[in-house]
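Visitor: Mapping the sequence shown onto this note's numbering, position 470 (from 1) lands on 457, and the numbers just tick up by one. For glycine and all other residues, C-beta sits at the position ideal for the given N, C-alpha and C. I have a structure I would like to understand better, so I am pasting it below and will then ask my questions one at a time.
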Amino acid sequence: MKQSNNNVGSTQYQHLSLHSAPDNILWLTLDVANASANVLSPDVINELLRACDDIKQQNPAGLIICSGKRSGFIAGADVKVFVGISDRDTALSFIQLGHTLCNTIENLPMPTLAMVNGFCLGGGLELALACDYIIASDRPACKFGLPEVKLGIHPGFGGSVRSIRRMGILKAMPMMLTGRNLLGRQAAKLGLVDLCVPLRQLENTATQVIKAGYPARTPAKEKTAFKDKLLENPVARKLIANKMRATVSQHAKQAHYPAPYALIDVWEKYGSYDDAMYSAEAESVADLIQTDTAQNLVRVFFLQNRLKALGNKKLFTPKHVHVIGGGVMGGDIAAWCAMQGLRVTIQDMNTDALAKVIQRANTGFKRRYKGDKQRIMQAQDNLLPDLQGHGIAKADVIIEAIFENLEAKQSVFKEVEQRARSNAILATNTSSIQLHDIAQAMQQPERLVGLHFFNPVAKMPLLEIIYTPNITSKEALAYAQSFASHINKLPLPVVSSPGFLVNRILVPYLLEAVSLHQENVPAEIIDKAATDFGMPMGPLELADTVGLDICLHVGEILSETVGVSLPDALAKDVKNGLLGKKSGQGFYTWKKGKAIKNSKINWQGDTQKLEQRLINKLLDEAQKCLDEKLVGDADLLDAGTIFGTGFAPFRGGPMRYLKSQKHSSLS
Ligand code: NAI
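Below, the structure written as structure tokens:
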């Protein structure tokens, strides 16, 4: 940040620089070498510790820690360190190194301040918490969080103690237990940061705070409010801890995700004794890092990065997207792209459909941006109805999302091909028609790709990029992947074949659930078997949510490929108008958008066998897709299944799970 050249002291640093500013304020700029983001590896932590020695010698009037990266402050501890940690001592010594750094910063004799403009996550926030002050910019990219539970651990560099001390237990714990991020303003409101200011005032404010000691510099230990001190007595702690366990159990089972429970245990036992809690925190994380859950979640983190890297954002910069078909999917794709800052024209031959798209999009913008009028207006301005399809000639990306009919789609692309720019991406969102069948009607079939979005578009992170080997051009595929990254979706290239990857894997599993139901196993028992395995939702509730008519349609297309005959009950239900959530009745009765379930069902069958029968269908199909080379390798298949179906992330994906099963049966 600070650009003066007076590097302090004789020490040479690789990852940081120290600069003296007027008023004897020292700036430490962290800029980890050969990395796009700052992460705390042992090397970086050791260098920061050396810098702390130099700072103590220099004894400035104040220290401001900032980042030299455009991307943010510090993204967290280096996750690579966690991979394959097999012994507890290695884990513990890394955590203790982080503790030493944060304690050293906390004990520096001069006022210290973390100036944050961008993400400040995990170990990065723990470092900031060790400073006397945290000042944030109000940019939307400025995010604070302790997302360690998403990696199967919890804060380990003293962050659990310091965040509770700053915010109080009732605000700090939900942030740690959910791993959710806070924007600068929210963080200031909750007391996590001291001030949140516009970017142009950030440096000045940081300097003023250090100089004037405003807000009054209170030793961090004395910051805890009286009310929060009361909550730290053992009786209150027990009550609060039990309440928190109950809340967490609604979202994550302890057997699957032990980390949030471990964090609650540590606080319940040591909450008011800082020193004991620091060491209990470290011991607990050292235990958690080695669990299968943590190792698998760390793997999922790297799989996600791998998918992100498949989309090279530098290839091109899309500005304008034209969507044809303003139904459920086209409308939601258009709204999503508008929220990502792109200009979007949405075409439908039906004006009512266009009106509904705009109405639904506005509701979505308001829900997402909760009162942030500027962002709501920006998204609204980005989305334009286009009855005549004027956008076709101008767009960088054209996405067809009309109803599922081959001739209709062929005729759209015949026209689009004539009117579109020669370098525009031409894409279809078809869910079941083969790409080469649609492309047959085109003069340049190599230009067509599939962009298979999932419903609901705003929630599903994966985007299948469909291609036909030997037909689709390499450029079209690479540009489609780049586009996915630009709109914050994870691209997964998949060979065009019935059901592509995600639906192909899901269908046998869903149909098996329907067959079990036909064999008189109650829906609640079937769904529970799946959620006990770790699926986010049971297959019958999922079928009801998607719509039984859509399940039947996809099942009909895929039954031959997957070698499963369709259970009669499905066609019968659809014929009788029982379509699931949208009709109010399917496998469940639906009221106010929720399935009514009977929690007291007594079923005498073998739940273990039931679970195996269901999950094996999914695993077998995943293996077949890999054998048929629909995706590049087993890791990509795992990534697609996790991000496309929600397959239990803590199991690391179907191929990883199959491998672990083989290992455990051999040992
Ligand atoms: P929908 O039936 O809700 O909407 C289709 C829209 O396209 C209608 O508004 C219709 O007026 C419009 N339309 C039809 N022909 C047109 C033309 N020539 N020019 C302009 N507009 C035209 O369909 P839905 O469910 O949105 O599906 C669209 C596509 O997305 C289909 O290919 C489907 O397979 C695929 N898909 C659907 C998913 C779902 O969950 N519904 C999930 C993933 C893909």
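1) Would you call residue 238 buried or exposed, if buried means 16 or more other Cβ atoms sit within 10 Å of its Cβ?
2) Out of 214, 550 and 266, which one is the CA nearest neighbour of residue 84?
3) Tell me, please, whether the region 596 to 616 touches the region 409 to 428 by the rule of three or more beta-carbon pairs shorter than 8 angstroms.
4) Our contact map puts residue 554 next to residue 502 with C-beta atoms below 8 angstroms; I'd like the distance itself, whole angstroms only.
5) Any heavy atom of the ligand NAI inside 6 angstroms of the beta-carbon of residue 391?
6) Count the other C-beta atoms from every protein chain shown that fall within 10 angstroms of the C-beta of residue 564, then say buried if there are 16 or more, exposed otherwise.
7) So, helix, strand or coil for residue 70, using DSSP?
8) Using a Cβ distance threshold of 8 angstroms, determine whether the region 95 to 103 contacts the region 184 to 199, with at least three qualifying pairs required.
9) What number of angstroms, rounded off, separates the C-alpha of residue 208 from the C-alpha of residue 437?
10) Helix, strand or coil, according to DSSP, for residue 577 in the structure here?
11) In whole angstroms, give me the CA-to-CA distance for residue 619 and residue 488.
12) So, at 8 angstroms on beta carbons, what are the nonlocal neighbours of residue 399 in its own chain, with the 5 sequence-adjacent residues on each side left out?
13) Taking the alpha-carbon of residue 183 as reference, which of 131, 217 and 147 has the nearest alpha-carbon?
14) When you compare the region 326 to 338 with the region 399 to 415, are there three or more beta-carbon pairs, one atom per stretch, that lie closer than 8 angstroms?
15) By the 10 Å Cβ neighbour count, where 16 or more other Cβ atoms means buried, how is residue 383 classified, buried or exposed?
16) Going by the C-beta, is residue 522 closer than 6 angstroms to any heavy atom of the ligand NAI?
17) Does the ligand NAI have even one heavy atom less than 6 angstroms from the beta-carbon of residue 338?
18) Give every residue of the same chain whose Cβ lies closer than 6 angstroms to the Cβ of residue 680, excluding the five residues on either side of it in the sequence, and list them in chain order.
19) Using C-beta distances below 8 angstroms, list every residue in its chain close to residue 327, excluding the 5 sequence neighbours before and after it, in chain order.
20) Assign residue 16 to one of two classes, buried (16 or more other C-beta atoms within 10 Å of its C-beta) or exposed (fewer than that).
21) Buried or exposed: residue 533, going by 16 or more other Cβ atoms within 10 Å of its Cβ?
22) Should residue 479 go down as buried or exposed, given a rule of 16 or more other Cβ atoms within 10 Å for buried?
23) Specify, as a first and last residue, the run of the beta strand (DSSP E) that residue 129 falls within.
24) Helix, strand or coil, according to DSSP, for residue 600 in the structure here?
25) Would you mind reading off the limits of the alpha helix (DSSP H) that contains residue 526?
26) State the DSSP-derived secondary structure class of residue 512, mapped to helix, strand or coil.
27) Start and end of the beta strand (DSSP E) containing residue 454?
28) Can you grab the Cα-Cα spacing for the pair residue 186 / residue 257, in whole Å?
29) In angstroms, rounded to a whole number, what distance separates the CA positions of residue 657 and residue 636?
30) Since residue 86 is in the alpha helix (DSSP H), which residue starts that stretch and which ends it?
31) So the candidates are 368, 173, 242 and 642; which of them puts its Cα closest to the Cα of residue 122?
32) Do you know whose CA, among 214, 181, 318 and 253, lies nearest residue 232's CA?
33) My output table needs one value for residue 546: the three-state DSSP class, helix, strand or coil.
34) With DSSP as the reference, label residue 351 as helix, strand or coil.
35) Under 8 angstroms by Cβ, that's how I've got residue 511 and residue 588 pegged, so tell me the actual separation to the nearest angstrom.
36) Is there at least one non-hydrogen atom of the ligand NAI closer than 6 angstroms to the beta-carbon of residue 316?
Guide: So, to answer that:
1) Counted from its first residue, the sequence shown places residue 238 at position 251. Exposed.
2) The residue given as residue 84 occupies position 97 in the sequence shown. Per the Cα distances, 266.
3) No: the two stretches stay apart, fewer than three of their Cβ pairs being nearer than 8 angstroms.
4) Translated into the one-based positions of the sequence shown, residue 554 becomes position 567. Translated into the one-based positions of the sequence shown, residue 502 becomes position 515. Contact flag correct, Cβ pair sits at about 5 angstroms.
5) Locating residue 391 in the sequence shown gives position 404, where the first residue counts as 1. True, at least one ligand heavy atom lies under 6 angstroms from that Cβ.
6) Residue 564 sits at position 577 when you count from the first residue of the sequence shown. With fewer than 16 other Cβ atoms within 10 Å, it is exposed.
7) Locating residue 70 in the sequence shown gives position 83, where the first residue counts as 1. Correct three-state label for residue 70: coil.
8) Contact between the region 95 to 103 and the region 184 to 199 is present, with at least three C-beta pairs closer than 8 angstroms.
9) Looking up residue 208 in the sequence shown gives position 221. Looking up residue 437 in the sequence shown gives position 450. Note that residue 208 scores a pLDDT of 44, beneath 50, so its modelled location is shaky; the value from the coordinates is reported in the next line. Residue 208 and residue 437 have their C-alpha atoms roughly 57 angstroms apart.
10) To locate residue 577, count along the sequence shown from 1; it is residue 590. Residue 577 falls in the strand class under three-state DSSP.
11) Here the question's residue 619 lines up with position 632 in the sequence shown. Here the question's residue 488 lines up with position 501 in the sequence shown. Approximately 12 angstroms between the Cα atoms of the pair.
12) Here residue 399 refers to the residue found at position 412 of the sequence shown. Hits under 8 angstroms: 311, 387 and 389.
13) Looking up residue 183 in the sequence shown gives position 196. Residue 131 is the option with its Cα nearest to residue 183.
14) With a cut-off of 8 angstroms, the region 399 to 415 and the region 326 to 338 do not count as touching, because too few Cβ pairs lie within range.
15) Taking the first residue of the sequence shown as position 1, residue 383 is located at position 396. It counts as buried.
16) Here residue 522 is taken as the residue at index 535 of the sequence shown, counted from 1. It does not: the Cβ of residue 522 is nowhere closer than 6 angstroms to a heavy atom of the ligand NAI.
17) Taking the first residue of the sequence shown as 1, we reach residue 338 at position 351. Every heavy atom of the ligand NAI is 6 angstroms or more from the Cβ of residue 338, so no.
18) Within the shown structure, residues of the chain are numbered from -12 to 654, placing residue 680 beyond reach of any answer.
19) Numbered from 1 along the sequence shown, position 340 holds the residue referred to as residue 327. So the qualifying residues of the chain are 473, 474 and 475.
20) Taking the sequence shown and counting its residues from 1, the one referred to as residue 16 is at position 29. A residue is called buried once 16 or more other Cβ atoms fall within 10 Å of its Cβ, and residue 16 is buried on that count.
21) As a position in the sequence shown, residue 533 is number 546, starting the count at 1. Counting Cβ neighbours within 10 Å, residue 533 comes out buried, since at least 16 surround it.
22) Taking the sequence shown and counting its residues from 1, one reaches residue 479 at position 492. Residue 479 comes out buried.
23) Against the sequence shown, residue 129 aligns to sequence position 142. No beta strand (DSSP E) contains residue 129, which DSSP labels as neither H nor E.
24) The count along the sequence shown starts at 1 and reaches residue 600 at position 613. Three-state DSSP puts residue 600 in a helix.
25) Taking the sequence shown and counting its residues from 1, one reaches residue 526 at position 539. In the DSSP assignment, residue 526 falls within the unbroken alpha helix (DSSP H) covering 526 to 533.
26) Taking the first residue of the sequence shown as 1, we reach residue 512 at position 525. Here residue 512 sits in helix by DSSP.
27) As a first step, residue 454 is located in the sequence shown; it is residue number 467 there, counting from the start. Taken as a continuous stretch (DSSP letters only), the beta strand (DSSP E) holding residue 454 covers 449 to 454.
28) Numbered from its first residue, the sequence shown carries residue 186 at position 199. Numbered from its first residue, the sequence shown carries residue 257 at position 270. Between residue 186 and residue 257, the C-alpha separation is close to 39 angstroms.
29) Only positions -12 to 654 of the chain appear in this structure, which leaves residue 657 out of reach.
30) The residue you call residue 86 lines up with position 99 of the sequence shown. Counting along the chain, the alpha helix (DSSP H) containing residue 86 begins and ends at 75 to 93.
31) For this step, residue 122 is matched to residue 135 along the sequence shown. The residue with the shortest Cα to Cα distance from residue 122 is 173.
32) Taking the first residue of the sequence shown as 1, we reach residue 232 at position 245. Residue 253 is the option with its Cα nearest to residue 232.
33) The residue given as residue 546 occupies position 559 in the sequence shown. Here residue 546 sits in helix by DSSP.
34) Here residue 351 corresponds to residue number 364 of the sequence shown, with the count starting at 1. Note: residue 351 maps to helix in three-state DSSP.
35) On the sequence shown, position 524 is the one that residue 511 refers to. On the sequence shown, position 601 is the one that residue 588 refers to. Contact flag correct, Cβ pair sits at about 5 angstroms.
36) Start at 1 with the first residue of the sequence shown, and residue 316 comes out as number 329. For the ligand NAI, at least one heavy atom lies less than 6 angstroms from the Cβ of residue 316.
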